[in-house]
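Those letters in the sequence shown? Residues 14 to 195, by my numbering.
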Amino acid sequence: MNLIEHRGYQIQLIDARASDKAVFRSLMQMYLYDTSEFNGQDPDSHGQYDYPDLDHYWTERGRSEEGRIPILIRINDRLAGFMLINRFSLLYPHGSTTRNLADFFIMRKWRGKRIGRIIVKEIFDMFPGHWEIRQQQENEKSQRFWRNAIGEYTNDSFKETILNDERWQGPVQQFTNLTRIT
């Protein structure tokens, strides 16, 4: 667990355990509802959004071979969001050590306070190496956030590629931090 102090907020980044899956599923519903505006996803007949790979974040193969890391975010000891990290790169060769920040969700209450930027900086510092971050083509707010956050973190030393194929439609930022950037 990492604890970050920011403007009177105590932000906790917690490596989620299998016992946290139910919490993740609940937060995932809010996240998938938010993103349905951009990807057109509908809930199933029970009103639930599907995220088929979520359980893999707690399997041995998911953790060791696929580099899956589920992180819960708490602010002032209250649930505030999550991150899902894995090693599924679209731009680097298969089997690379590139980390992909697959999903990042902060509850609306906490948005606009620079908390998201503080969190991603901490995550990038925790996991030096090659990074890849993607946004859906229609989600311009997310694109602005990531370009600004990554630009601030790397001093604008990142590459952006626009994909438009069966794998992904939208921008993908790449950068490398081989050591902790201060």
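Here a beta-carbon is modelled for each residue, glycine too, at the ideal position from N, C-alpha and C.
Round the Cβ separation of Asp-33 and Leu-85 to the nearest angstrom and send it over; I've been treating them as touching at under 8 Å. 6 Å
Let's see if you can read the secondary structure: which residues bound the beta strand (DSSP E) around Phe-158? First-last for Phe-158: 153-167, but that is the alpha helix (DSSP H), not the beta strand (DSSP E).
Residues in its own chain within less than 8 Å of Tyr-22 by CB, not counting five upstream and five downstream? Ile-88, Asn-89, Lys-126, Ile-128
If you follow the alpha helix (DSSP H) that Thr-35 is in, where does it begin and where does it stop? It should be noted that the sequence gives Ala, not Thr, for residue 35. Start and end: 34-52.
Roughly how many angstroms lie between the CA atoms of Glu-179 and Leu-114, to the nearest whole one? 19 Å
Looking at Asn-99 and Arg-91, is the spacing between their C-beta atoms short of 9 Å? no
Does DSSP classify Leu-67 as helix, strand or coil? helix
Using the Cβ count rule (16 or more neighbours within 10 Å means buried), how would you classify Gly-60? exposed
In angstroms with no decimal places, state the Cα-to-Cα distance between Arg-130 and Gln-156. 13 Å
Specify the secondary structure class of Trp-181 as computed by DSSP and reduced to three states. coil
To the nearest angstrom, report how far apart Glu-145 and Ser-58 are at their CA atoms. 34 Å
For my contact list, Phe-140 and Thr-167 are in at a C-beta cut-off of 8 Å; report their separation, rounded to the angstrom. In fact, because the Cβ distance is near 14 Å, the residues do not count as touching under 8 Å.
Go ahead and label Thr-195 buried or exposed: buried means 16 or more other beta carbons lie within 10 angstroms of its beta carbon, across all protein chains shown. Its pLDDT being 47, under 50, Thr-195 is placed unreliably in this model, and the coordinates cannot settle the point.
Quick check on DSSP: helix, strand or coil for Ala-31? helix
For Thr-195, the three-state DSSP class (helix, strand or coil): Confidence at Thr-195 is low in this model, with a pLDDT of 47, below 50, so its placement is unreliable and no value can be given for it.
Compare the beta carbon distance of Gln-149 and Thr-48 with 9 Å and say whether it is the shorter of the two. yes
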